[in-house]
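Each remark here refers to the structure printed beneath this line.
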Amino acid sequence: EAQVTQNPRYLITVTGKKLTVTCSQNMNHEYMSWYRQDPGLGLRQIYYSMNVEVTDKGDVPEGYKVSRKEKRNFPLILESPSPNQTSLYFCASSFRQGQAGANVLTFGAGSRLTVL
Amino acid sequence: SQQGEEDPQALSIQEGENATMNCSYKTSINNLQWYRQNSGRGLVHLILIRSNEREKHSGRLRVTLDTSKKSSSLLITASRAADTASYFCATDVRGGTSYGKLTFGQGTILTVHP
């Protein structure tokens with residue numbers, strides 16, 4: 005089944021304790037991205053990746069890191085989590101056909117992170 | 079502010095009625111998409127309309143796009159309780175250097191009462 009898999013789905017942690025949220029897709033998509041969803045703010049993009057070893061900042065990259073060493077994986081790293089990073093996180097991937105092609109996202113199920 | 083903004087923020091209707099949600103955006107787009115999210119779960123792509131299209135249908139969904147007004151609407155006909163969800167528009171910006179970036183609105187929460 006074509007899917008984007010995120011882990012963990014739920015996590016409670018404490019301020020300053022490094023954590024990684026993994027994301028893996030099995031559709032051979034070139035593009036992957038991370039979003040966070042907060043009440044009243046909708047979905048905001050954190051980072052995205054156009055291909056292996058190519059990443060760029062989204063709208064809210066502060067406090068996050070990413071890497072894209074393999075095409076299928078795009079982990080989100082919080083080096084020193086803070087309470088304002090408590091949120092629902094989504095990983096998504098897509099295949100865009102050329103410059104004018106559409107970019108249709110397939111989302112993971114989400115990771116709910118609480119930082120105390 | 080957000081590239082895409084939905085209106086209304088919340089909509090409550092009875093089963094069998096039609097639901098209309100609107101989306102406005104600010105810059106020129108390559109295409110506009112609508113996604114659905116069941117409570118706390120991942121978004122699911124519903125329909126895409128390109129900038130050179132004015133109307134698109136998919137089952138009970140009808141999407142319109144007015145590029146002169148920078149707005150789109152999503153119509154769900156003969157709604158069902160199972161349509162209860164949040165609906166988001168997302169814009170794919172024309173000519174942007176940010177490949178792979180969709181900008182989402184804040185969503186419309188639709189509640190369909192049985």
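Chains A and U are the protein sequences, given in the same order.
Oh and the first sequence: position 40 is 44 in this note's numbering, straight run, nothing missing.
Oh and the second sequence: position 40 is 118 in this note's numbering, straight run, nothing missing.
Just so it is clear, CB atoms sit at the ideal spot from N, CA and C, and this is done for glycine as well.
First and last residue of the uninterrupted beta strand (DSSP E) at residue i
{"i": "residue 191 of chain U", "result": "186-191"}
{"i": "residue 166 of chain U", "result": "163-171"}
{"i": "residue 111 of chain U", "result": "107-115"}
{"i": "residue 188 of chain A", "result": "Residue numbering for chain A in the displayed model covers 5 to 120; residue 188 of chain A lies beyond these limits and cannot be assessed."}
{"i": "residue 9 of chain A", "result": "8-11"}
{"i": "residue 42 of chain A", "result": "35-42"}
{"i": "residue 63 of chain A", "result": "Per DSSP, residue 63 of chain A belongs to no beta strand (DSSP E) and is neither H nor E."}
{"i": "residue 100 of chain U", "result": "97-103"}
{"i": "residue 25 of chain A", "result": "23-29"}
Local Cβ density within 10 Å of residue i, reported as buried at 16 or more and exposed below that
{"i": "residue 19 of chain A", "result": "exposed"}
{"i": "residue 31 of chain A", "result": "exposed"}
{"i": "residue 79 of chain U", "result": "Note on residue 79 of chain U: pLDDT 40, under 50, position unreliable in the model; no value is reported."}
{"i": "residue 170 of chain U", "result": "buried"}
{"i": "residue 150 of chain U", "result": "buried"}
{"i": "residue 165 of chain U", "result": "buried"}
{"i": "residue 106 of chain U", "result": "exposed"}
{"i": "residue 114 of chain A", "result": "buried"}
{"i": "residue 14 of chain A", "result": "exposed"}
{"i": "residue 72 of chain A", "result": "buried"}
{"i": "residue 109 of chain U", "result": "buried"}
Under 7 angstroms from the C-beta of residue i: neighbouring residues of chain A
{"i": "residue 180 of chain U", "result": "107 and 109"}
{"i": "residue 185 of chain U", "result": "46"}
{"i": "residue 126 of chain U", "result": "106 and 108"}
Interface residues of chain U facing residue i [CB-CB closer than 9 angstroms]
{"i": "residue 94 of chain A", "result": "120 and 121"}
{"i": "residue 80 of chain A", "result": "The premise fails here: residue 80 of chain A is roughly 15 angstroms from chain U at the closest Cβ pair, so nothing lies under 9 angstroms."}
For residue i, the residue or residues it bridges with in DSSP
{"i": "residue 87 of chain U", "result": "Residue 87 of chain U is not bridged to any residue."}
{"i": "residue 111 of chain A", "result": "A/96"}
{"i": "residue 92 of chain U", "result": "U/191"}
Chain-ordered neighbours of residue i on chain U, where CB pairs are closer than 8 angstroms
{"i": "residue 114 of chain A", "result": "118, 119 and 120"}
Within chain A, partners of residue i - CB distance below 9 angstroms
{"i": "residue 111 of chain U", "result": "106, 107, 108 and 109"}
Proximal residues of chain U, C-beta to C-beta of residue i below 7 angstroms
{"i": "residue 20 of chain A", "result": "What residue 20 of chain A touches in chain U: nothing, since even the nearest Cβ is about 27 angstroms away."}
{"i": "residue 191 of chain A", "result": "Since the displayed chain A opens at 5 and closes at 120, residue 191 of chain A lies outside it and no answer follows."}
Within chain A, the residues that residue i reaches when beta carbons sit closer than 8 angstroms
{"i": "residue 170 of chain U", "result": "106 and 107"}
Check your understanding: When the Cβ atoms of the stretch 153-171 of chain U are set against those of the stretch 93-101 of chain U, are three or more pairs found closer than 8 angstroms?
Key -> yes
Point to revise | Three-pair Cβ contact test at 8 angstroms for the stretch 35-53 of chain A versus the stretch 62-69 of chain A | key: Segments in contact, yes.
Check your understanding: Between the stretch 119-126 of chain U and the stretch 107-115 of chain A, do three or more beta carbon pairs fall short of 8 angstroms?
Key -> yes
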